[in-house]
Amino acid sequence: MDLGADTKAVLLLAAAMFLWALLLGVMKYRQIVESEAGAAHPYVDIAHRAALLYSFALLLVATFVELSGWGAAVNLIAAGAMALYFFAAVAGYNVHGWRRDTDNQFVDPVRGTHAFMLALIVTEIGGWLVLVAGFVDGQIL
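Residue 14 in the working numbering is what sits at position 14 of the sequence shown, and the numbering runs on without skipping anything.
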């Protein structure tokens with residue numbers, strides 16, 4: 001099977017995210033063992049789960065990249081933008097879990113939190129729609 005370079009790039013991102021999820025699982029386990037309550041910090045939990053889900057989401061993204069009728073540059077921009085926000089979200093959760101500074105980042109948000117969320121929403125949905133349109137163009141029309 002000869003995969004496109006754009007697909008290979010997204011698959012590598014999926015692999016990196018899955019590795020991060022596994023490492024976050026170790027962090028979660030250590031916090032559970034060290035906790036009197038037997039629980040990890042909520043944001044370690046969130047980071048671990050988000051990384052697992054995003055790793056599989058990136059496999060879905062890679063599939064649509066491979067089946068897209070658009071060129072590699074369009075696919076990479078759409079998928080790369082989505083992946084950037086996937087990684088940024090997990091990084092934010094990871095930092096809150098490591099610092100144990102909050103159990104809800106929206107209660108007393110740092111400057112730019114809501115702007116980041118708006119950009120994440122637009123980028124993830126927009127990137128996905130570009131890839132779905134590429135799939136329709138390449139496989140259906």
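Virtual Cβ for every residue (Gly too), placed ideally from N, Cα, C.
| Item | Value |
| --- | --- |
| Neighbourhood of V132 by C-beta, 7 angstroms cutoff - its chain only, sequence neighbours within 5 removed | F64 |
| Residue nearest to I140 in terms of C-alpha spacing, selected from S68, G38, Y54 | S68 |
| DSSP three-state assignment for L42, whether helix, strand or coil | Sequence check: residue 42 is Pro here, not Leu. If DSSP states are grouped into helix, strand and coil, P42 belongs with the helices. |
| Contact check, A83 vs A51, beta carbons under 9 angstroms | no |
| Neighbourhood of D108 by C-beta distance below 8 angstroms, restricted to the same chain and skipping five residues each side | T102 |
| Nearest-angstrom Cα separation, counted from A81 out to E124 | 7 angstroms |
| Per-residue DSSP class, three states only, for V65 | helix |
| 9 angstroms Cβ cutoff met for L11 and L53 | no |
| 8 angstroms contact criterion, which L24 and N94 should meet: CB distance rounded | 7 angstroms |
| A39, buried or exposed, once every other Cβ within 10 Å from all chains shown has been counted against 16 | exposed |
| Between the CA atoms of A9 and A78 - distance to the nearest angstrom | 12 angstroms |
| Presumed contact (8 angstroms Cβ cut-off) between A57 and F86, rounded CB distance | 7 angstroms |
| Between the CA atoms of I121 and W128 - distance to the nearest angstrom | 11 angstroms |
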